[in-house]
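Undergrad:
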Amino acid sequence: MIIFPVDAKISRVLGILRLLNSNDGEMSIASLVDITKANLDTLMPQINAGHFLGVVEVDGEKIRITKLGRAYYKRDKKAREKVRMNLLKFEPFKTALSLAKKGPFTISMLDDELSSRKITLSSYPETDAKLLQLMLIQWALGTRLLNYDNETNLWSMRQ
6 MIIFPVDAKI
16 SRVLGILRLL
26 NSNDGEMSIA
36 SLVDITKANL
46 DTLMPQINAG
56 HFLGVVEVDG
66 EKIRITKLGR
76 AYYKRDKKAR
86 EKVRMNLLKF
96 EPFKTALSLA
106 KKGPFTISML
116 DDELSSRKIT
126 LSSYPETDAK
136 LLQLMLIQWA
146 LGTRLLNYDN
156 ETNLWSMRQ
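Going by my numbering, the first residue of the sequence shown is number 6, and it counts up by one from there.
1) Answer with buried or exposed for residue 156, where buried requires no fewer than 16 other C-beta atoms within 10 angstroms of its C-beta.
2) For the segment 57-138, list the alpha helix (DSSP H) runs that are entirely contained and at least 4 residues long, ordered along the chain.
3) Starting from the Cα of residue 162, find the closest Cα among 75, 94, 54, 109 and give me that residue.
4) In angstroms with no decimal places, state the Cα-to-Cα distance between residue 30 and residue 69.
5) Would you kindly work out how many angstroms separate the C-alpha atoms of residue 97 and residue 149, rounded to a whole number?
6) For residue 29, name the three-state secondary structure that DSSP assigns.
7) Could you check what DSSP says for residue 12 in three-state terms: helix, strand or coil?
8) Bridge partners of residue 161, per DSSP?
9) Can you tell me where the alpha helix (DSSP H) holding residue 34 begins and where it ends?
10) Tell me whether the segment 125-143 and the segment 41-61 touch, counting them as touching only if at least three CB pairs, one residue from each stretch, are closer than 8 Å.
11) On the three-pair Cβ rule with 8 Å, is the segment 67-86 touching the segment 114-127?
12) Measure the C-alpha to C-alpha separation of residue 22 and residue 54 and round it to an integer number of angstroms.
13) Quick one: what's got a C-beta closer than 6 Å to residue 13's C-beta in the same chain, skipping five residues either side?
14) Within 10 angstroms of its Cβ, does residue 74 collect 16 or more other Cβ (buried), or is it exposed?
Right, dumping it as structure tokens:
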């Protein structure tokens with residue numbers, strides 16, 4: 006079981022794709038740090054997320070956009086679906102979809118399910134529910150994996 010990078014943000018991964026796309030698809034990680042003015046600790050979760058999703062590849066000091074990454078950046082429907090499916094290889098999204106298939110669920114239910122399987126997102130498990138909420142908002146909504154009802158605080162399958 007692999008946990009998706011907790012600090013990764015979909016907008017930052019898209020920003021990396023935009024930069025790569027406008028720089029012939031490849032650049033050094035050092036150049037990426039310089040251009041974004043971000044430190045490496047902030048950038049690595051974004052790079053790892055992109056790698057996990059198959060939209061970038063890292064080869065030593067170089068990062069390059071993949072064919073899937075170019076298509077995803079251009080909002081290709083099939084590429085978006087492939088990235089959504091790639092997201093399901095990682096926790097907490099795998100378990101979230103499993104719960105959603107049974108019916109609407111709360112973050113507390115997801116947190117309990119992950120805890121029962123000894124899956125934690127941080128070294129401070131008491132913060133996991135908040136991290137789960139942020140991750141699902143960023144990625145499950147951002148990739149259209151799940152729906153969220155703000156009034157009931159329930160997550161569910163997309164219709």
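Glycine included, every Cβ here is placed at the ideal spot set by N, Cα and C.
Because the structure is a prediction, the values reported are computed rather than measured.
TA: A quick look at the data gives this:
1) exposed
2) 72-78, 82-92, 98-107, 112-121
3) 109
4) 5 Å
5) 15 Å
6) coil
7) coil
8) 152
9) 34-41
10) no
11) no
12) 12 Å
13) 50, 51, 54
14) buried
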